[in-house]
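In order, the protein sequence lines correspond to chains Z and L. 617 is the number that our numbering gives the last residue of the first sequence; the numbers go up by one with no jumps. 617 is the number that our numbering gives the last residue of the second sequence; the numbers go up by one with no jumps. Contents: one structure, followed by commentary.
2 protein chains.
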Amino acid sequence: MPITKEWQALIDQKLNDRASRIFPAWRLPHDLTEHVRPDASVSAFELLRKTTILSSKEIEITETYSAENLIRILATREITSMEVTTAFCKRTAIAQQLTNCLTEIFFEQALQRAKELDEYIVKKGRPMGPFHGLPISLKDSFMVEGQAATLGFISFLKKPNATKNSFLVDILLEGGAVLYAKTNVPQTLFTCESYNRLFGTTMNPHNLSLTAGGSSSGEGALIGIRGSILGVGADMGGSIRVPSLCNGTYGFKPTANRVPFGGQQDFIRKGWPGVLPAAGPLAHYASDLTFFVRSVLLAKPWLKDSTALAVPWREVPKKARLTIGVFLNDPMFPVFPPISRALQSAADKLKKAGHEVIPVNAPPILTGVTGAVRSFILDTEDTVSKYLAEAGEEPVECVRQMNLAALLGQSGVSLDDMWRFVAEREDYREDWGKIWRENQIDVLLCPGSRGTAVPHDKYGIPVYTLLWNFLDFPASVIPYERANKALDTEVIDGCKLPYYDPTLTLTDCILVNIDEVDGAPCHVQIVGWQFQDEEVLSATETIADVLN
Amino acid sequence: MPITKEWQALIDQKLNDRASRIFPAWRLPHDLTEHVRPDASVSAFELLRKTTILSSKEIEITETYSAENLIRILATREITSMEVTTAFCKRTAIAQQLTNCLTEIFFEQALQRAKELDEYIVKKGRPMGPFHGLPISLKDSFMVEGQAATLGFISFLKKPNATKNSFLVDILLEGGAVLYAKTNVPQTLFTCESYNRLFGTTMNPHNLSLTAGGSSSGEGALIGIRGSILGVGADMGGSIRVPSLCNGTYGFKPTANRVPFGGQQDFIRKGWPGVLPAAGPLAHYASDLTFFVRSVLLAKPWLKDSTALAVPWREVPKKARLTIGVFLNDPMFPVFPPISRALQSAADKLKKAGHEVIPVNAPPILTGVTGAVRSFILDTEDTVSKYLAEAGEEPVECVRQMNLAALLGQSGVSLDDMWRFVAEREDYREDWGKIWRENQIDVLLCPGSRGTAVPHDKYGIPVYTLLWNFLDFPASVIPYERANKALDTEVIDGCKLPYYDPTLTLTDCILVNIDEVDGAPCHVQIVGWQFQDEEVLSATETIADVLN
């Protein structure tokens with residue numbers, strides 16, 4: 070079914086409106102933008118360095134601070150929110166033109182808000198709250214009064230703009246944040262890609278030909294290129310961590326419903342009984358992940374959002390010596406040389422720094438992956454397909470390929486699948502419980518994916534993040550090292566490069582050559598037990614200090 | 070299908086074994102036990118006062134202390150565990166003969182354990198842990214190494230005795246507790262009655278003709294008559310709170326999986342996706358509920374039991390002035406005069422004591438009840454009926470009557486019922502969220518049942534406790550006042566006494582005359598938001614101080 074003229078007109082109107090929201094002075098010349106294509110092996114950082122739109126002060130503001138530090142000097146009035154907001158809006162305008170990372174742009178409102186905050190702090194003599202004056206970017210799913218939330222579904226263009234903020238958005242605004250843009254997602258939000266038929270492809274700033282990951286694709290790209298210093302995503306299978314590891318940022322998926330998830334644009338059928346999604350931050354520093362989660366929880370989100378858990382923030386003392394379980398590879402899903410090298414190097418450095426590093430005998434991640442997938446097929450109404458069909462939108466290749474029922478070797482679904490899902494999760498949690506108990510580990514160090522960002526539409530199922538959603542365990546991603554074609558030459562399991570294993574049905578769209586990903590950011594993933602968000606954040610800071 | 074001779078022989082053997090475990094010197098004379106019948110309107114307390122088995126010291130030990138106080142003097146060695154254990158074993162032996170509250174009796178092991186604890190404290194100069202020397206009773210579902218756990222199912226007589234303790238049992242033992250008896254449950258554990266075909270009827274010590282409630286029936290009766298100072302039950306619809314309110318004890322149902330639930334005797338099909346059960350304490354003092362939960366959580370149960378939530382105990386400051394929402398009655402389920410009077414009196418006293426008491430406009434409790442019931446029909450395998458059928462055991466009347474699917478007006482069940490269950494719970498939580506937010510209440514004061522304990526097999530569906538299981542909200546019961554036929558003469562909704570409303574299909578086995586329940590304990594229920602167990606316990610102590 071093709072897109073009708075009526076829908077196409079709505080799409081054109083939306084894209085024109087989006088383009089118009091970038092002030093003329095912030096538009097890039099054609100000789101830069103002509104290089105911007107999803108098949109161009111080009112660095113957006115290099116293109117950015119060729120513009121003169123950003124002043125040196127603006128480059129300093131956007132490149133050299135942590136969110137916390139910026140808030141500190143905003144609080145002392147060494148800098149104004151207007152300066153900071155202008156710098157990030159400008160850089161975001163450039164990011165949009167280089168990576169196509171945005172869905173909604175509201176710079177004018179942001180600058181007005183910054184002005185009000187600057188007046189507030191002068192008048193009251195104190196900041197409005199923990200986020201005073203700081204621009205924060207949001208995944209498109211978050212509702213911001215007056216703004217659309219299409220989630221890349223063409224049919225959602227007919228939905229009215231938000232009349233109410235998501236609960237988290239209210240908390241950020243009450244805390245003094247400046248909101249200025251919302252960011253792109255992949256079609257259906259159920260893949261780790263960056264393309265939808267409404268807004269097109271979000272590109273990875275490190276290399277436009279690579280995916281920005283998903284589903285918080287635009288957050289990953291925007292924060293990657295420092296158009297944002299702190300952003301909010303949501304993660305049900307890796308949707309915060311995959312964009313983080315693809316774009317070289319930090320990211321944290323909390324235990325579900327600690328950071329309030331309520332009041333987002335609905336796209337999952339009501340009553341969803343499966344793996345719970347979690348909202349969480351992406352940032353440039355581990356300490357900013359902690360700062361975000363702590364500040365949000367100190368606002369007691371459960372007093373606003375009845376879906377948020379009334380589990381208050383706990384201050385945990387920083388451990389001088391962590392006990393870190395290390396799990397480098399599941400033989401069924403071989404980890405590719407750049408990530409293996411990063412993990413091994415991280416483990417070595419941590420040991421040298423005095424931490425206890427214990428290799429653990431991990432249970433098969435396939436069990437966790439199939440358990441999670443079992444819940445993804447529970448929607449007998451196939452709600453997401455309906456949203457596509459409403460506007461005659463065809464599923465894209467990677468959505469079409471994702472026949473989850475077939476992955477499980479079944480054709481239908483029944484109530485018994487729900488029982489199986491719960492039973493398998495209980496067993497798998499106990500499998501990991503043994504690992505935690507026997508080794509008395511604080512956290513686990515493991516891959517967040519088999520490789521780095523891959524060329525568009527080749528990410529496949531995010532096996533190394535998804536299992537932690539199945540278990541509802543908090544997990545962060547730390548950027549560390551980069552793919553290096555001179556170093557990452559190891560042959561895996563008898564397969565030469567490209568890294569391709571045709572026996573892996575769960576991942577058979579992965580077909581990547583080291584040349585294609587040379588220079589892409591590598592990472593490690595840090596995982597903790599459910600509800601030990603505070604311990605994971607603290608360990609992430611400690612480990613990041615050792616690594617970076 | 071009748072019980073075969075083979076099964077009957079096993080039953081007889083079990084009952085003989087149980088009887089043999091009461092030392093001859095602790096056996097009651099026939100002129101007392103001849104009064105013990107489930108249809109006798111007789112007080113077990115009065116029968117107990119006629120025995121001379123307990124010394125005055127033993128009466129003092131069992132009647133005048135809180136668990137915490139007893140532990141305090143055990144720690145200073147003013148008293149030995151042997152003395153305390155002997156006193157409670159003796160009184161429990163009497164309780165068993167008067168109320169039939171026990172399933173497993175292991176006094177010998179208890180006395181041996183007490184001796185070891187007495188030696189321990191002398192040798193080490195300190196108590197073993199927070200429960201040092203204290204006898205604690207357990208619902209039959211908890212596994213104690215070497216003991217059976219039949220749950221009143223005849224077919225479970227063929228199961229081997231426990232080879233491993235439940236995780237909570239390990240925590241109690243590591244904390245220095247003395248275990249001495251396990252307590253009776255109703256057939257299937259899915260009713261609030263006290264009868265099963267293996268052990269028979271547990272009777273209410275206040276009046277043997279009244280139910281002891283269920284499903285922690287034996288705990289209620291045993292603690293009610295002070296054969297136990299602190300016991301552990303489990304609650305999925307009211308199974309801690311109903312026995313508490315029937316027998317005049319305190320009881321607390323925590324948020325599910327804070328007190329570790331794992332390692333109990335299985336009787337629910339694996340993978341249960343519905344309302345979560347919770348383990349929790351019954352006691353004689355509000356402060357002992359807190360003491361129990363705090364002590365268990367300080368042992369970090371999640372390090373043992375992978376189903377226990379890693380949400381540590383929080384110390385919360387005691388509020389001098391509570392904001393208490395009050396909800397006296399749902400017109401669809403009229404609360405009977407004794408409980409209405411107790412609630413109104415409690416609200417008045419609390420107001421006089423300086424607390425803010427706010428009447429709230431509660432959403433219909435029917436919504437919570439049907440939501441929970443929707444989850445109870447999800448077992449397509451009807452596992453519990455299989456356990457009955459295995460030994461040819463017929464369902465008792467109140468189990469047979471409980472056609473839950475019919476209550477919901479449906480004949481079958483499908484995966485969509487699971488979605489509906491989750492969706493209804495989300496909506497209902499938000500309905501209550503509005504109440505909590507608009508009134509900024511700390512806790513809610515409300516009925517825990519329509520009436521007091523009722524004659525056997527007339528309790529019906531525990532509507533006023535079940536809705537809080539649906540929401541997974543922590544809730545306690547405080548004993549307060551007693552039914553009084555001189556005072557409780559009010560006519561409800563046009564029905565004269567007996568309190569019977571034939572329009573209420575959910576409760577149509579309730580048919581009670583005030584004469585039958587005269588003198589039975591009344592109560593109030595205190596409810597808090599999910600995960601605010603600490604706040605509920607603290608408020609329960611404060612409110613109990615005002616009331617009693």
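Even for Gly, the Cβ is constructed at its ideal location relative to N, Cα and C.
Which value, in whole angstroms, describes the spacing of the CA atoms of residue i and residue j?
i, j, result
"Q470 of chain Z", "V532 of chain Z", "16 Å"
"K554 of chain Z", "E585 of chain Z", "9 Å"
"L412 of chain L", "L226 of chain L", "43 Å"
"A431 of chain Z", "L378 of chain L", "22 Å"
"P204 of chain L", "T145 of chain L", "17 Å"
"F259 of chain Z", "E103 of chain Z", "31 Å"
"L473 of chain Z", "D448 of chain Z", "12 Å"
"K322 of chain L", "L299 of chain L", "14 Å"
"I174 of chain L", "A492 of chain Z", "33 Å"
"L314 of chain L", "T257 of chain L", "21 Å"
"V500 of chain Z", "T168 of chain Z", "Per the sequence shown, residue 500 of chain Z should be read as Asp rather than Val. Cα to Cα, D500 of chain Z sits roughly 42 Å from T168 of chain Z."
"D86 of chain L", "L372 of chain L", "37 Å"
"T133 of chain Z", "E127 of chain Z", "10 Å"
"Q216 of chain L", "N230 of chain L", "5 Å"
Going along the chain, which residues of its own chain have a beta-carbon closer than 7 Å to the beta-carbon of residue i, five neighbours each way excluded?
i, result
"S444 of chain Z", "G343, V344, F490"
"L66 of chain Z", "No statement about residue 66 of chain Z is possible, as the shown extent of chain Z runs from 70 to 617 and does not include it."
Return helix, strand or coil for residue i, following the three-state DSSP convention.
i, result
"V523 of chain Z", "coil"
"K126 of chain L", "helix"
"L277 of chain L", "strand"
"N138 of chain Z", "helix"
"F268 of chain L", "coil"
"P428 of chain L", "strand"
"S356 of chain L", "helix"
"P571 of chain L", "In this predicted model, P571 of chain L has a pLDDT of only 35, less than 50, meaning its place in the structure is not dependable; the value taken from the coordinates is given anyway. In this structure, P571 of chain L counts as coil in the three-state DSSP scheme."
"L207 of chain L", "strand"
"G394 of chain Z", "strand"
"Y631 of chain Z", "An answer regarding residue 631 of chain Z cannot be provided, because it is not within the stretch 70 to 617 covered by chain Z."
"G306 of chain Z", "coil"
"A475 of chain Z", "helix"
"C591 of chain L", "strand"
"Y533 of chain Z", "helix"
Any chance the CB of residue i is under 7 Å from a heavy atom of the ligand NAP?
i, result
"Q334 of chain L", "In the structure on display, the ligand NAP does not appear, and there are no ligands present to speak of."
Can you name, in chain order, every residue of its own chain whose Cβ lies under 6 Å from the Cβ of residue i, other than the five neighbours on each side?
i, result
"C170 of chain Z", "A164, T252, N253, T271, G287, A290, L291"
"E603 of chain L", "R383, V385"
"A250 of chain L", "T161, L171, I174, S206"
Which residues of chain L have a Cβ atom closer than 7 Å to the Cβ of residue i, listed in chain order?
i, result
"W341 of chain Z", "V491"
"A379 of chain Z", "W598, Q599, F600, Q601"
"G502 of chain Z", "S375"
Please list, in chain order, all residues of the same chain as residue i whose beta carbon is under 8 Å from its beta carbon, the five residues on each side excluded.
i, result
"T576 of chain L", "Caution is warranted here: a pLDDT of 44 is assigned to T576 of chain L, below 50, making its placement in the model unreliable, and the coordinate value is therefore given only provisionally. F402, R519, G529, I530, V532, D570, listed in sequence order."
"P93 of chain L", "none"
Name the chain Z residues whose beta carbon is nearer than 7 Å to that of residue i?
i, result
"V426 of chain L", "Within 7 Å Cβ-Cβ: nothing; V426 of chain L doesn't reach chain Z, min ~21 Å."
"E499 of chain L", "S375"
"W537 of chain L", "The contacting residues do not exist; W537 of chain L stays about 15 Å from chain Z at best."
Please say whether residue j and residue i have beta carbons closer to each other than 8 Å?
i, j, result
"L267 of chain Z", "F222 of chain Z", "yes"
"G302 of chain L", "G331 of chain L", "no"
"V596 of chain Z", "V512 of chain Z", "yes"
"P312 of chain Z", "S285 of chain Z", "yes"
"E147 of chain L", "C467 of chain L", "no"
"T131 of chain L", "F157 of chain L", "yes"
"R551 of chain Z", "G517 of chain Z", "no"
"V438 of chain L", "L535 of chain L", "yes"
Please list the partners that residue i has in chain Z, where partner means a Cβ-to-Cβ separation under 9 Å.
i, result
"T449 of chain L", "S483, L484, D485, W488"
Please compile the residues from chain L whose C-beta is within a distance smaller than 9 Å of the C-beta of residue i.
i, result
"W382 of chain Z", "None at all; the shortest Cβ gap to chain L is about 11 Å."
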